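Engineer: Quick note, the sequence shown lines up with residues 1 to 402 if you use the working numbering. The beta-carbon is built from N, C-alpha and C at its ideal position, and this holds for glycine as well. Source: prediction; values computed, not measured.
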Amino acid sequence: MSPLARLLVASQFAFNVGFFAVLPYLADHLGGALGLGGALVGLILGLRTFSQQGMFVVGGSLTDRYGPRPVVLAGCALRVAGFVWLGTAEAAWSVTAAVVLVGFAAALFSPAVESEIAREALRMEQAGGPVRTSVLARFSAGGQAGALIGPLLGTLLLVGGFRGACLAGAAVFAVVLAGHWRLMPRAEAAAARRRPALRPLVRNRRFLGLALAYSTYLIAYNQLYLALPAELDRATGSQQALGWIFALSSAMVVFGQVPLERRASARLGLTAMIRWGLVLIAAAFAVTGVLLPLRGLWPAVSFVVLLTLGQMLVVPAARACVTELVDARRLGLFTGGLSSVSGLLVLAGGAPAGALLELGGTLPWLVLGAVPLLGVLLVPRVGPAGERGADQASENALCRKR
């Protein structure tokens with residue numbers, strides 16, 4: 001990979017290490033050390049998710065306007081400040097503000113880095129290097145490696161208390177900030193500043209189809225935090241195995257993402273990769289529903305393995321697909337928009353999914369499995385990586401005209 005691609009993969013790894021060293025233990029800190037009520041803890045965690053996922057479109061739009069470097073640096077600086085604040089905050093309002101700042105920092109950093117790795121992957125592919133999905137697969141694997149190591153690091157850091165874990169997390173982001181300050185090249189903004197920010201996004205029907213299809217993946221993936229714990233409670237009477245099962249999912253991505261992408265991209269186009277990934281995710285729910293009569297971990301393990309395999313196909317292909325569907329000058333906006341649209345639909349689908357799971361039995365799993373199958377129908381047709389069709393040329397011309 002190019003030096004810039006290696007920097008972005010390494011920074012995604014480090015960013016996730018710092019994030020997951022602290023955030024998995026936040027709820028226990030809020031309810032335990034600070035004594036906040038369950039409703040308030042849930043509200044604070046929800047605000048963190050919204051300030052991050054829901055605001056991705058803001059970070060993406062700023063990336064197009066000012067270029068990725070200042071947005072990444074601002075995101076790192078805000079994350080350092082947010083973690084220092086979180087480690088020292090004691091009042092409810094102070095904790096809430098710190099958590100929102102931590103989330104918004106990611107809303108700046110992540111779309112800037114994701115759009116830049118997508119742009120760099122396309123640049124490398126056009127220069128005769130690896131196909132873009134290969135670079136994006138390494139980016140996903142780097143992030144998952146950070147998600148795997150971060151909680152383990154957090155467990156060690158918590159020996160010194162939650163404040164010590166927060167300060168250590170802030171130190172990680174300070175290192176990421178210094179690395180980008182020194183190594184990330186300066187680049188001009190890709191879009192004209194006078195162009196209305198959101199109009200190209202809402203008018204691009206093919207991109208909206210991709211965002212809706214990607215949303216069905218995220219709705220299904222969110223069941224790792226809702227349906228999986230409920231299944232472990234049903235099957236074993238506790239959630240003690242949850243951490244090990246999450247580690248299994250992360251390890252699959254870390255060690256299997258690149259080989260799987262290499263084989264899939266050699267045989268499938270971007271559209272087919274997304275569709276087959278969604279089919280595997282639907283199969284995860286169907287197989288789990290069929291295996292429910294079994295006691296033990298077989299249903300849960302089958303669910304996680306199939307869901308993760310589907311994720312490993314969908315995520316790099318969807319990110320690569322964005323580069324095919326949109327004007328390159330608006331890549332930051334659309335990369336952020338992909339996460340924001342999906343995050344809002346996941347938020348809307350959370351309550352119905354929870355109510356459905358309360359019914360128990362096989363039916364809820366089959367109904368949830370139908371969601372990614374609906375996504376299969378929504379995936380826009382895109383040619384093989386590197387081949388831009390007439391439709392894309394037409395859409396780019398319209399974007400330039402607007």
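Have a look at Phe-56, Ala-320, Ala-137 and flag the residue whose alpha-carbon is nearest the alpha-carbon of Gly-75.
Structural biologist: The candidate whose alpha carbon is nearest that of Gly-75 is Phe-56.
Engineer: For the putative contact between Arg-132 and Ala-320, defined by C-beta atoms under 8 Å, what is the C-beta separation to the nearest angstrom?
Structural biologist: Confirmed, about 5 Å.
Engineer: Can you tell which of Val-304, Leu-218, Val-84, Leu-270 has its C-alpha closest to the C-alpha of Val-322?
Structural biologist: That would be Leu-270, whose Cα lies nearest to the Cα of Val-322.
Engineer: If we ignore side chains and look at the alpha-carbon of each, how far apart do Ala-98 and Gly-154 end up?
Structural biologist: So the alpha carbons of these two residues sit roughly 19 Å apart.
Engineer: Suppose the cutoff is 6 Å on Cβ atoms and the five residues either side in sequence are ignored; what does the same chain contact list for Gly-337 look like?
Structural biologist: Excluding residues within five positions, the ones whose Cβ falls inside 6 Å are Val-57, Leu-201.
Engineer: Quick one: is Glu-358 buried, meaning 16 or more other Cβ sit within 10 Å of its Cβ, or exposed?
Structural biologist: By the 10 Å Cβ count, Glu-358 comes out exposed.
Engineer: Measure the alpha-carbon distance for Leu-148 versus Ile-245 and round it to whole angstroms.
Structural biologist: Cα-Cα distance, rounded: 11 Å.
Engineer: If we ignore side chains and look at the alpha-carbon of each, how far apart do Arg-182 and Gly-169 end up?
Structural biologist: So the two alpha carbons sit approximately 20 Å from each other.
Engineer: For Ala-235 and Pro-299, I'd like the C-alpha separation in whole angstroms.
Structural biologist: About 9 Å.
Engineer: I need the DSSP call for Val-326, collapsed to helix, strand or coil.
Structural biologist: Val-326: coil per DSSP, three-state reduction.
Engineer: Would you call the region 362-379 and the region 273-293 touching, i.e. three or more CB-CB distances under 8 Å?
Structural biologist: Yes, they touch.
Engineer: Among the candidates Leu-108, Leu-23, Glu-261, Val-71, whose CA atom is the shortest distance from the CA of Ala-317?
Structural biologist: Of the candidates Leu-108, Leu-23, Glu-261, Val-71, the one whose C-alpha sits nearest the C-alpha of Ala-317 is Glu-261.
Engineer: Expressed to the nearest angstrom, what Euclidean distance is found between the alpha-carbon atoms of Val-290 and Gly-160?
Structural biologist: Going from the Cα of Val-290 to the Cα of Gly-160 covers about 45 Å.
Engineer: Suppose you measure from the CA of Pro-196 to the CA of Phe-104; what does that come to, to the nearest Å?
Structural biologist: Only weak support exists for where Pro-196 lies, its pLDDT of 47 falling under 50; the coordinates are left without a value.
Engineer: CA-CA distance, Gly-256 and Leu-78?
Structural biologist: The alpha-carbon atoms of Gly-256 and Leu-78 are separated by roughly 33 Å.
Engineer: Do you know offhand how far Arg-267's Cα is from Ala-91's?
Structural biologist: So the two alpha carbons sit approximately 55 Å from each other.
Engineer: Helix or strand or just coil, what does DSSP make of Thr-155?
Structural biologist: Three-state DSSP puts Thr-155 in a helix.
Engineer: Taking the alpha-carbon positions, what's the Arg-193 to Arg-65 distance?
Structural biologist: Note that Arg-193 scores 46 on pLDDT, short of 50, meaning its location in the model is unreliable; the coordinates nonetheless yield the value given after this. Those two C-alpha atoms are separated by around 6 Å.
Engineer: Quick check: the Cα distance between Leu-86 and Ala-106, rounded to an integer number of angstroms?
Structural biologist: Going from the Cα of Leu-86 to the Cα of Ala-106 covers about 15 Å.
Engineer: Taking 7 Å as the threshold (beta carbon to beta carbon), is Val-159 in contact with chain D?
Structural biologist: Here there is only one protein chain, and chain D is not present.
Engineer: Quick check on this structure: which residue in Thr-63, Leu-325, Thr-96, Gly-31 has the alpha carbon closest to the alpha carbon of Arg-381?
Structural biologist: The residue with the shortest Cα to Cα distance from Arg-381 is Leu-325.
Engineer: Would you tell me roughly how many angstroms separate the C-alpha atoms of Arg-48 and Leu-297, rounded to the nearest one?
Structural biologist: If I take the Cα positions, the gap works out to 32 Å.
Engineer: In this structure, how does DSSP classify Ser-238 when only helix, strand and coil are distinguished?
Structural biologist: Coil at Ser-238, not helix or strand.
Engineer: What is the DSSP secondary structure of Leu-4, counted as helix, strand or coil?
Structural biologist: Helix.
Engineer: Would Asn-16 and Gly-129 be called neighbours here (beta carbons separated by less than 7 Å)?
Structural biologist: Cβ atoms of Asn-16 and Gly-129: not closer than 7 Å.
Engineer: Mind pulling the alpha helix (DSSP H) runs of 4 or more residues that sit fully within the region 10-57?
Structural biologist: With a minimum length of 4 residues, the continuous alpha helix (DSSP H) runs that stay inside the region 10-57 are 38-49.
Engineer: Can you tell me where the alpha helix (DSSP H) holding Leu-368 begins and where it ends?
Structural biologist: That run of the alpha helix (DSSP H) goes 363-378.
Engineer: Would you report the Cα separation of Ala-141 and Leu-292, rounded to the nearest angstrom?
Structural biologist: Taking the straight line from one Cα to the other gives about 31 Å.
Engineer: Let me know the secondary structure DSSP gives Leu-105 once reduced to three states.
Structural biologist: Reading the sequence as shown, one finds Ala at residue 105 and not Leu. In this structure, Ala-105 counts as helix in the three-state DSSP scheme.
Engineer: Identify, in the order they occur along the chain, each residue of the same chain with its Cβ nearer than 7 Å to the Cβ of Thr-96, setting aside the five sequence neighbours on each side.
Structural biologist: Excluding sequence neighbours, Thr-96 sits near Ile-44, Leu-47.
Engineer: What first and last residue would you give for the alpha helix (DSSP H) that runs through Gln-213?
Structural biologist: The sequence given here has Ala at residue 213, not Gln. Taken as a continuous stretch (DSSP letters only), the alpha helix (DSSP H) holding Ala-213 covers 205-221.
Engineer: Here's the rule: buried if 16 or more other CB atoms are within 10 angstroms of the residue's CB, otherwise exposed. What is Trp-276?
Structural biologist: Trp-276 should be labelled buried.
Engineer: Do you know offhand how far Ile-274's Cα is from Gly-35's?
Structural biologist: When rounded, the distance between both Cα atoms is 44 Å.
Engineer: Is it buried or exposed, Ser-134, if we count other Cβ atoms within 10 angstroms and call 16 or more buried?
Structural biologist: Flag for Ser-134 reads buried.
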